[in-house]
Structure formats: C-alpha cells, structure tokens
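Enquirer: As they're listed, the protein sequences go chains A and B. Letter by letter, the first sequence follows residues 1 to 245 in our numbering. Letter by letter, the second sequence follows residues 246 to 373 in our numbering. Beta carbons are placed, not taken as given, at the ideal position from N, Cα and C, and that holds for glycine. These numbers come from a predicted model, not from an experiment.
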Amino acid sequence: MSCDHDQQRRQFLARGAALTAAVSIAPGLMLYDFARARPPGEAANPAVRWGMLIDTTQCESGCDACVSACNKENGLSGRTLPTDSQWIRKLELQQEDTGRKISMPMMCQHCAEPPCVDVCPTGASFKRADGIVLVDKHRCIGCRYCMMACPYKARSFVHEPVTDHSGATPRGQGTVESCTLCVHRVDQGVAPACVEACAREGHQAILFGNLNDPNSAIAQRIRSVASVKLRADLNLDPGISFVGI
Amino acid sequence: MRMQSGWTLIGRMALLLALAGPLAAAVSEPVLDIGQGGKCVDDPRFMRLNHMKLMRHQRDETVHQGIRGGKYSLAGCVDCHASKKNHSVLGTDQNFCQGCHVYAAVKIDCFECHSSEPRRALAGEPLK
Chain A
1 MSCDHDQQRR QFLARGAALT AAVSIAPGLM LYDFARARPP GEAANPAVRW
51 GMLIDTTQCE SGCDACVSAC NKENGLSGRT LPTDSQWIRK LELQQEDTGR
101 KISMPMMCQH CAEPPCVDVC PTGASFKRAD GIVLVDKHRC IGCRYCMMAC
151 PYKARSFVHE PVTDHSGATP RGQGTVESCT LCVHRVDQGV APACVEACAR
201 EGHQAILFGN LNDPNSAIAQ RIRSVASVKL RADLNLDPGI SFVGI
Chain B
246 MRMQSGWTLI GRMALLLALA GPLAAAVSEP VLDIGQGGKC VDDPRFMRLN
296 HMKLMRHQRD ETVHQGIRGG KYSLAGCVDC HASKKNHSVL GTDQNFCQGC
346 HVYAAVKIDC FECHSSEPRR ALAGEPLK
C-alpha cells in the first residue's frame, strides 16, 4: 500500500533529519537543512518561504536536464509550440556590447506580491502560506488574465484534452498552469524535480530552500554572494534570485 | 382547476407504483469490480451518499492550505478500487467509478485532470 510506503518514507526522512542535524560546523551553522516533510494533517507553514537561488555561472549552455525533469515529473509533452505548456524554459542570452553569454532556466518566480493573483476573477490563482504561487484548477475558468498579468511569461494554458495523466500533477484542458515548485514533493520533504536533475548532472546551478530560515543553505548563500531578482523594479519580490546576470 | 378527491389520488399513485415495480426491476444494479477493496475509510453506505462532499472539502484544504494525508482523497479511492484487469476505475461499466456513475446518470469529470490509475511511488531525493 502506498500509505504504508509514505509512512516508512516519513520515518526514514525523520531519521535522516536527525543525522544531518549532527553535521554542523559550529552551533547554529548547519551544513545541510533539515529534511522537512510536514506531518499529515498539518497546513503549510506561514513562517516558511520557499525559494530558489539560480547560479547562472554553473548553468551549462545546451543542458536541459531541469526542463526534461520538469516535463517528466508533471506529465508535460515537452513540445514547444505556442499552444504547448512550458513550466520551465532554458534561456540563452548574450550581452550585446560585450558579447558575454549566459544560460539560465526561467520559470514562475513565485512572487510575494503576485500580479496573477491580483487579477484572477475567481480566486483560482493564489499564494500558499509558504509562498508558493499556485492555480486551483477546480476554480480556474481559463480566462487567462493571469497570463497577461505575469511579467515573466511563466504561465501556460492547456489547449487540448489531457490524455496522459502519468505526471504527479493533475492537469486539464481549459485551465491555466505553471511551475508549482513541485509542491507535491516539497510537502513530502523532497526537493523539486529540476533541482534534483541539475544536481544529478553535477551542475549545482539551482539551490532550493527556505528563505526565511537564516541557517538554511540558500539563506546563507544569498547573504554571501551578490544576487539579483528579475524586474526588481516591479516590486513583486520574487522568490527566485539569480547569480551572475 | 377541479380539486381531486383523496381516493382518486391514492388510486392513481397505486397504479403508478404497480407499473413502476416491473420497470425498476428491469434496470439491474451495477455489478462493480471493486479492485483490491478491503476496509473502506468509512462506512460504505455513508461513502456512497457523501463521497463527493467529503472529497470536495478535503480537496480545498489540500490545494489551498497544503494539508495532506487526509483519508477522503480521490487518489485513495483509486488506489484501492482500480480494477486489477485494466488498473483503472474507468473503462467499462463494471469499473468502480464509471459503473456507479453510469447507473446513477451522474457525469464524472474528476478524471479529465486526475489519474484514474493508482499512484506511483514518489521517487526523489530528500531536501538538503
């Protein structure tokens, strides 16, 4: 039974957390965050804010491990027509005057002040207590105001009936969707699929964690290196930051 | 309009019941393939009447508040009741969800988005 499997997994993660807690450089300074699967029945913690730090200097041009992992995890086709869903894209950019090239992934920025939520007429677009911006597809009427409001072009509309439900995320025709920060994995104490795939490729370009925990690896890194948020002038306070752009 | 006498009304109802009896018997109750089955999360009779309300309530809590592990989940229904023949709760009028919904003439749209097959195990690395 999968319920038993989940229970065993939680116990295993709890033991792992106890072990990682022991690996500390000094009191209060941990090498690793705790694995934090929320116990069943507990709501998302408003003291947590999930976010990512993307290091473009570690992101390899031509590598699309994060994109394929996202597609596989969430049951996306991987096609890139204007009518196909893309939750994460790889961008190859070149600075005009210097010719400097960078490669980076681009997805929903999980804003603290999300314009998609502001414009949604039905309350389908919402921000969860722990900062993850989601679409409740039961309430989405497919009007696509949120797609127009998003300055990052992060959202997609499902144009055709979904026949392949192999992905972990329910998806359906007539609704808008975007990166969920792999909320189903995060709730079980597992990092998003793109983060895992990037690490598997040995690139370590995406760091995921709790921005509000001063001891988390991501918070420590953000304190120690220069990072930027995209279109910071819009004051949306994205949860995704970038290094090297 | 002329008022009907009490006796006439009772007579008509009796006639209607006499006619409806054989008609009702002609529509046989669905024979469902309950898959793995076992002990349901609640009394089956209660679930038959209320599963839609329970699932809707839990779905809102899960989607918006992130509360997971509740016992009235659609995925939970599918895990236990997917047929062992086609690994789904849909497909034929014997399959668990489809069979009953066809019998009750209630459109079921859960599976336009959700999987009608049991969950696969979550594969991934713990958060670091």
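Report the rounded CA-to-CA distance for T337 (chain B) versus P275 (chain B), giving the unit in angstroms.
Expert: In the second sequence, counting from the first residue as 1, residue 337 (chain B) sits at position 92. In the second sequence, counting from the first residue as 1, residue 275 (chain B) sits at position 30. Their backbone Cα atoms lie some 11 Å apart in a straight line.
Enquirer: Can you pull the DSSP bridge partners for R89 (chain A)?
Expert: Position 89 of the first sequence, counted from the first residue, corresponds to residue 89 (chain A). R89 (chain A) is bridged to A:M106.
Enquirer: Kindly list the residues whose CB is nearer than 7 Å to the CB of R221 (chain A), restricted to its own chain and excluding five residues on each side of it in sequence; keep chain order.
Expert: Walking along the first sequence from the start, residue 221 (chain A) turns up at place 221. Closer than 7 Å at the Cβ level, and outside the excluded window around R221 (chain A), lie L53, L207.
Enquirer: Name the DSSP bridge partner or partners of M52 (chain A)?
Expert: On the first sequence, residue 52 (chain A) is found 52 positions in, with the first residue counted as 1. Looking at the DSSP assignment, M52 (chain A) forms a beta bridge with A:F208, A:I240.
Enquirer: Using DSSP's beta-bridge definition, name the partner residues of E177 (chain A).
Expert: Taking the first residue of the first sequence as position 1, residue 177 (chain A) is located at position 177. Answer is A:S156, bridged to E177 (chain A).
Enquirer: If you pair each beta-carbon of the region 327 to 336 of chain B with each one of the region 301 to 311 of chain B, do three or more pairs fall below 8 Å?
Expert: no
Enquirer: Please report the straight-line C-alpha distance between V243 (chain A) and C179 (chain A), rounded to a whole angstrom.
Expert: Residue 243 (chain A) sits at position 243 when you count from the first residue of the first sequence. Residue 179 (chain A) sits at position 179 when you count from the first residue of the first sequence. So the alpha carbons of these two residues sit roughly 20 Å apart.
Enquirer: Mapping the DSSP letters down to three states, classify N215 (chain A) as helix, strand or coil.
Expert: Against the first sequence, residue 215 (chain A) aligns to sequence position 215. It is coil, neither helix nor strand.
Enquirer: Give the secondary structure of V272 (chain B) by DSSP, where H, G and I count as helix, E and B as strand, and everything else as coil.
Expert: In the second sequence, residue 272 (chain B) corresponds to position 27, counting from 1. Note: V272 (chain B) maps to coil in three-state DSSP.
Enquirer: Is any beta-carbon of chain A found at less than 7 Å from that of N340 (chain B)?
Expert: Taking the second sequence and counting its residues from 1, the one referred to as residue 340 (chain B) is at position 95. Cβ-Cβ to chain A under 7 Å: no for N340 (chain B).
Enquirer: So which residues on chain A does C358 (chain B) lean against when the C-beta distance must stay under 8 Å?
Expert: By one-based count along the second sequence, residue 358 (chain B) stands at place 113. Chain order gives the chain A residues near C358 (chain B) as K137, V162, H165, P170, R171, G172, T175, where near means a beta carbon separation below 8 Å.
Enquirer: Sorted by chain position, which residues of the same chain lie with C-beta nearer than 7 Å to I279 (chain B)'s C-beta, five sequence neighbours on each side aside?
Expert: Here residue 279 (chain B) is taken as the residue at index 34 of the second sequence, counted from 1. Only H326, F341 meet the Cβ criterion.
Enquirer: Go ahead and pull the three-state DSSP assignment for S166 (chain A).
Expert: What you label residue 166 (chain A) is simply residue 166 of the first sequence in a count that begins at 1. Note: S166 (chain A) maps to coil in three-state DSSP.
Enquirer: Check distances from the C-beta atoms of the region 307 to 320 of chain B to those of chain A and list, in chain order, the residues that come in under 8 Å.
Expert: V308, H309, Q310, G311, I312, R313, G314, G315
Enquirer: Sorted by chain position, which residues of the same chain lie with C-beta nearer than 7 Å to A320 (chain B)'s C-beta, five sequence neighbours on each side aside?
Expert: Residue mapping note: residue 320 (chain B) aligns to position 75 of the second sequence, counting from 1. Excluding sequence neighbours, A320 (chain B) sits near R364.
Enquirer: Note the first and the last residue of the continuous beta strand (DSSP E) segment covering F126 (chain A).
Expert: Position 126 of the first sequence, counted from the first residue, corresponds to residue 126 (chain A). Per DSSP, the continuous beta strand (DSSP E) segment holding F126 (chain A) begins and ends at 125 to 127.
Enquirer: Output the distance between the C-alpha atoms of K316 (chain B) and G41 (chain A), rounded to the nearest integer angstrom.
Expert: Stepping through the second sequence from its first residue, residue 316 (chain B) is reached at position 71. Stepping through the first sequence from its first residue, residue 41 (chain A) is reached at position 41. Answer to the nearest angstrom: the Cα atoms are 10 Å apart.
Enquirer: Could you check where the alpha helix (DSSP H) with V117 (chain A) kicks off and where it finishes?
Expert: Here residue 117 (chain A) corresponds to residue number 117 of the first sequence, with the count starting at 1. Unbroken alpha helix (DSSP H) run through V117 (chain A): 115 to 119.
Enquirer: With H, G and I counted as helix, E and B as strand and the rest as coil, what does DSSP make of Q94 (chain A)?
Expert: Position 94 of the first sequence, counting from 1, holds the residue named residue 94 (chain A). Note: Q94 (chain A) maps to strand in three-state DSSP.
Enquirer: Apart from the five residues just before and just after C296 (chain A), which ones in its own chain have a Cβ nearer than 7 Å to its Cβ?
Expert: Within the shown structure, residues of chain A are numbered from 1 to 245, placing residue 296 (chain A) beyond reach of any answer.
Enquirer: Skipping 5 residues on each side, what residues in its chain have a beta carbon closer than 7 Å to that of P238 (chain A)?
Expert: Counted from its first residue, the first sequence places residue 238 (chain A) at position 238. Hits under 7 Å: Q109, H110, C111, K229, L230.
Enquirer: Does the separation of the CB atoms of S68 (chain A) and S156 (chain A) fall below 7 Å?
Expert: Against the first sequence, residue 68 (chain A) aligns to sequence position 68. Against the first sequence, residue 156 (chain A) aligns to sequence position 156. For S68 (chain A) and S156 (chain A), no; Cβs fall outside 7 Å.
Enquirer: Going along chain A, which residues have a C-beta under 8 Å from R290 (chain B)?
Expert: Translated into positions along the second sequence, residue 290 (chain B) becomes position 45. What R290 (chain B) touches in chain A: nothing, since even the nearest Cβ is about 23 Å away.
Enquirer: Quick one: residues in its chain with C-beta nearer than 6 Å to the C-beta of Q188 (chain A), no 5 flanking neighbours on either side, listed in chain order?
Expert: In the first sequence, residue 188 (chain A) corresponds to position 188, counting from 1. Cβ neighbours of Q188 (chain A) beyond the five flanking positions: A37.
Enquirer: Identify whether M30 (chain A) lies in helix, strand or coil by the three-state DSSP scheme.
Expert: One-based indexing of the first sequence puts residue 30 (chain A) at position 30. Residue confidence is low: M30 (chain A) scores 34 on pLDDT, short of 50, so the model does not pin down where it sits. No coordinate-derived value is stated.
Enquirer: Just to check my reading of the structure: G172 (chain A) and E357 (chain B) have Cβ atoms closer than 8 Å, yes? What is that Cβ distance to the nearest angstrom?
Expert: Stepping through the first sequence from its first residue, residue 172 (chain A) is reached at position 172. Stepping through the second sequence from its first residue, residue 357 (chain B) is reached at position 112. Sure, about 5 Å apart at Cβ, within 8 Å.
Enquirer: Chain B beta carbons: is any one of them nearer than 7 Å to that of D187 (chain A)?
Expert: The sequence position of residue 187 (chain A) within the first sequence is 187, counting from 1. It does; some Cβ of chain B falls within 7 Å.
Enquirer: Answer yes or no: does any C-beta atom of chain B fall closer than 7 Å to that of G244 (chain A)?
Expert: Locating residue 244 (chain A) in the first sequence gives position 244, where the first residue counts as 1. So, not an interface residue.
Enquirer: Taking only the alpha-carbon atoms, compute the straight-line gap between A197 (chain A) and C66 (chain A) and give it to the nearest angstrom.
Expert: If you number the first sequence from 1, residue 197 (chain A) lands on position 197. If you number the first sequence from 1, residue 66 (chain A) lands on position 66. Approximately 6 Å between the Cα atoms of the pair.
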